[in-house]
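Below: the structure, in structure tokens.
Number of protein chains: 2
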Amino acid sequence: MNIGEAAKKAGLPAKTIRYYEDIGLVNPMRDTNGYRAFRDSDVHKLTFLARARALGFTIEDCRVLLALWEDTDRASADVRKIAKEHLEQIEVKIADLQSMRDTLSNLVQTCAGDDRPDCPILNTLGKSGSQ
Amino acid sequence: MNIGEAAKKAGLPAKTIRYYEDIGLVNPMRDTNGYRAFRDSDVHKLTFLARARALGFTIEDCRVLLALWEDTDRASADVRKIAKEHLEQIEVKIADLQSMRDTLSNLVQTCAGDDRPDCPILNTLGKSGSQ
DNA sequence: CTTGACCTTCCAGTGAGTGGAACCCCCATA
DNA sequence: TATGGGGGTTCCACTCACTGGAAGGTCAAG
């Protein structure tokens, strides 16, 4: 099948698929007219990639996971390690964002948001005594 | 003062400060030897930038906030609008990450993580029926 | 005079694509 | 037969917010 159909099935933009080929994540055949010819196994791989990326795994994580996926003899511990590390990174990010949100939500609440110039948000960002 | 001291005071790497000059966020004077000469007002600006960036505002947000900060006549509503929009973006991100975390944490928990090859994480990423 | 810490500019790379130009291919219709 | 539209192809540049490194200039101390 052509790239358009593969894109639809995998739920990825065609551009992204070309990019994935570029960096060696997939490796479709070519028709005589130069068009990429995707087998079901390619689409399967792309679907795997789309899901892993949606879970926030980096491309390099995906490369490793894909290799493990294709190696039916791998130890589940190897996969779990990657997933667990990623999980920890996500938790750090969540905590960071929550602390941003708390600060910002405080600031937004104390700001009148009217025509007057007095603004606690700018005051806090600019005042030397603040954190 | 030189860039090193300004960097220390503002809590930003010197490289970042040069970059901020490059994109027109700050505009320090120059000594006769070509070194950047930062006034207190420059450092104040840089500190403002460091805080706004730490709260996750984009550079373009910062540019606008900085302009509002310098305009003592601005309406606090203008500032509040930016902050509120940003707050909403943060909340979306938090929700996304939390949903990732839940999925991933489920997978990690159901994976034995031992020598055996069976791995629910890869199964879920690869199986056609899963989402 | 040399050493080392600082400063300068410029170029390239990061991650994960996205946008666009310029061109090719194929099918259907007037 | 022209032509129009909807695929496909490559390649280059751009995104965001820096960061690393090379090659070199400046300055104070020993």
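Order-wise, the sequence lines are chains V and Z. Remember, the numbering used here sits 953 above the position in the first sequence when you count from 1. Remember, the numbering used here sits 953 above the position in the second sequence when you count from 1. All C-beta atoms, glycine included, are put in the ideal place defined by N, C-alpha and C. Predicted model, so just to flag it, every value in this text is computed and none were measured.
Query raised in the report: Are Ala967 of chain V and Leu999 of chain V touching if we call contact CB-CB under 7 Å?
Result: Not closer than 7 Å, so no.
Query raised in the report: Mapping DSSP to helix, strand and coil, what is Ala1065 of chain Z?
Result: Here Ala1065 of chain Z carries a coil assignment [DSSP, helix/strand/coil].
Query raised in the report: By Cβ distance, which residues of its chain are closer than 7 Å to Val996 of chain Z, with the 5 residues on each side in sequence left out?
Result: Annotation for Val996 of chain Z: Ala959, Lys962, Ala963 place their beta carbon closer than 7 Å to its own, counting only its chain and skipping 5 residues before and after.
Query - Cβ-based neighbour list, Gly1009 of chain Z, same chain, cut-off 6 Å, excluding 5 preceding and 5 following - result: Once the five neighbours on either side are set aside, Gly1009 of chain Z has no close Cβ partner at all.
**Report entry** Of the residues V:Val1017, V:Asp1031, V:Leu965, V:Met954, the one placed nearest Asp1068 of chain Z, counting alpha carbons only
**Finding:** Nearest of V:Val1017, V:Asp1031, V:Leu965, V:Met954 to Asp1068 of chain Z, Cα basis: V:Asp1031.
Report task. Take the Cβ of Ile970 of chain V as the centre, count every other Cβ of all protein chains shown within 10 Å, and call the residue buried at 16 or more, exposed below. Result -> Residue environment analysis places Ile970 of chain V among the buried positions, since at least 16 neighbouring C-beta atoms fall within 10 angstroms of its C-beta.
Query - Cross-chain neighbours of Met1053 of chain V in chain Z, by beta carbon under 7 Å - result: For Met1053 of chain V, the residues of chain Z that pass the 7 Å Cβ criterion are Leu1008, Gly1009, Ile1043, in the order they occur in the chain.
**Report entry** Any 3 or more C-beta pairs closer than 8 Å across the stretch 1035-1043 of chain Z and the stretch 1004-1021 of chain Z
**Finding:** They touch, by the three-pair rule.
Query raised in the report: For a contact meaning CB atoms closer than 9 Å, what does Asp993 of chain Z contact in chain V?
Result: Close to Asp993 of chain Z, with beta-carbon spacing below 9 Å, lies no residue of chain V; the smallest spacing is near 10 Å.
Query - Lys968 of chain Z (DSSP reduced to helix, strand or coil) - result: Reduced to three states, the DSSP call for Lys968 of chain Z is helix.
Report task. Provide the residue(s) that pair with Arg983 of chain Z in DSSP beta bridges, ordered along the chain. Result -> Paired residues: Z:Arg989.
Query raised in the report: What does a CB cutoff of less than 8 Å around Arg1027 of chain Z pick up in its chain, not counting 5 residues either side in sequence?
Result: Residues Leu1021 of the same chain have their beta carbon placed closer than 8 Å to that of Arg1027 of chain Z, with the five preceding and five following residues left out of the count.
Requested in this report: Give every residue of the same chain whose Cβ lies closer than 7 Å to the Cβ of Val1017 of chain V, excluding the five residues on either side of it in the sequence, and list them in chain order.
Outcome: Correct list, in chain order: Ile1035.
Requested in this report: Jot down the residue ranges of each uninterrupted beta strand (DSSP E) in the stretch 998-1026 of chain Z, minimum 3 residues, whole runs only, in chain order.
Outcome: Within the stretch 998-1026 of chain Z, no complete beta strand (DSSP E) segment of 3 residues or longer occurs.
Report task. Please decide whether Val1017 of chain Z counts as near chain V, where near means a Cβ-Cβ distance under 7 Å. Result -> With its beta carbon at least 7 Å from every one in chain V, Val1017 of chain Z lies outside the interface.
Query raised in the report: Short check: CB of Leu1050 of chain Z to CB of Ile1012 of chain V, under 7 Å?
Result: Cβ atoms of Leu1050 of chain Z and Ile1012 of chain V: not closer than 7 Å.
Report task. Pick helix, strand or coil for Asn1059 of chain V, following the three-state DSSP scheme. Result -> Correct three-state label for Asn1059 of chain V: helix.
Query raised in the report: Pick from V:Gly1079, V:Asp1055, V:Asp1024, V:Ser1052: whose alpha carbon is nearest that of Asn1076 of chain Z?
Result: Nearest of V:Gly1079, V:Asp1055, V:Asp1024, V:Ser1052 to Asn1076 of chain Z, Cα basis: V:Asp1024.
Query raised in the report: If you run the structure through DSSP and keep just helix, strand and coil, what is Ala955 of chain Z?
Result: According to the sequence provided, residue 955 of chain Z is Asn. The question's Ala does not apply to it. DSSP places Asn955 of chain Z in coil when its eight states are reduced to three.
Query raised in the report: Do we get a CB-CB distance below 7 Å when we pair Ile1074 of chain V with the residues of chain Z?
Result: The beta carbon of Ile1074 of chain V falls within 7 Å of a beta carbon belonging to chain Z, placing the residue at that interface.
Query raised in the report: Among Z:Cys1072, Z:Ile956, Z:Asp1055, which has the Cα closest to the Cα of Tyr972 of chain Z?
Result: Of Z:Cys1072, Z:Ile956, Z:Asp1055, the residue nearest in Cα terms is Z:Ile956.
Query raised in the report: Whole-angstrom Cβ separation of Leu965 of chain Z and Leu1019 of chain Z, contact assumed at under 8 Å?
Result: In this structure, Leu965 of chain Z and Leu1019 of chain Z do not form a Cβ contact; the two beta carbons are roughly 14 Å apart against a cut-off of 8 Å.
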